[in-house]
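Engineer: Taking the working numbering, the leading residue of the sequence shown gets 13, the next gets one more, and so forth.
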Amino acid sequence: MQRVSHHLLLCATANKAKCCDSALGSQTWNELKSVVRELDLENTQRPEGIVLRSKVDCLRICERGPILVVWPDGIWYAEVSPSRIKKIIQNHIVDQQPVEEWILKRTPLGPTDTPPAEQIAI
Ligand code: FES
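#1: Measuring alpha carbon to alpha carbon, tell me which of E113, L64, C31 and I73 ends up nearest Q105.
#2: How should K67 be labelled, buried or exposed, when 16 other C-beta atoms within 10 angstroms of its C-beta is the threshold for buried?
#3: So for K98, helix, strand or coil by DSSP?
#4: So G86 packs on C32, CB below 8 Å; how close in whole Å?
#5: Flag L21 as yes when its Cβ comes closer than 7 Å to any non-hydrogen atom of ligand 1, and as no otherwise.
#6: Residues in its own chain within less than 6 Å of P110 by CB, not counting five upstream and five downstream?
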């Protein structure tokens, strides 16, 4: 079993996303993958747990994309771009300081809904 610290869900499926240009979505997704690897966030020895990433078809915002939601924090970013993704991941995931100026909304999970990180395993 591996601990999971965060799951990054990016709406950026090429030719399907309504919230952004498909080329921008693809570029953002590729940069997200690159930054996650560069920061070694998929390392199973990472004390906080690994960071999962998924490209999804729609997060039901459908404007101002690409849209990124960070689980389990319930923080949604709008207008994510290749140039913004590194700051989001570095500040939010590594430094635990979400990038307030790019947050679209928050839908935090209640304490009874979210087990402590050490109990989340895949
Ligand atoms: S198409 Fe991206 S949120 Fe719906």
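Cβ coordinates follow ideal geometry from the N, Cα and C atoms, glycine included. On a predicted model such as this, the values are computed, not experimentally measured, just so you know.
Structural biologist: According to the structure shown:
#1: By 1-based counting over the sequence shown, the position of residue 105 is 93. Here the sequence assigns Ile to residue 105, which means Gln is not the residue at that position. Per the Cα distances, L64.
#2: Counting from one through the sequence shown, the residue named residue 67 turns up at place 55. Buried is the call here.
#3: Taking the sequence shown and counting its residues from 1, one reaches residue 98 at position 86. Note: K98 maps to helix in three-state DSSP.
#4: As a first step, residue 86 must be located in the sequence shown, where it is residue number 74. As a first step, residue 32 must be located in the sequence shown, where it is residue number 20. The pair is not a contact, with the Cβ atoms about 21 Å apart (cut-off 8 Å).
#5: As a working note, residue 21 is residue 9 in the sequence shown. No.
#6: For this step, residue 110 is matched to residue 98 along the sequence shown. Only I87 and H104 meet the Cβ criterion.
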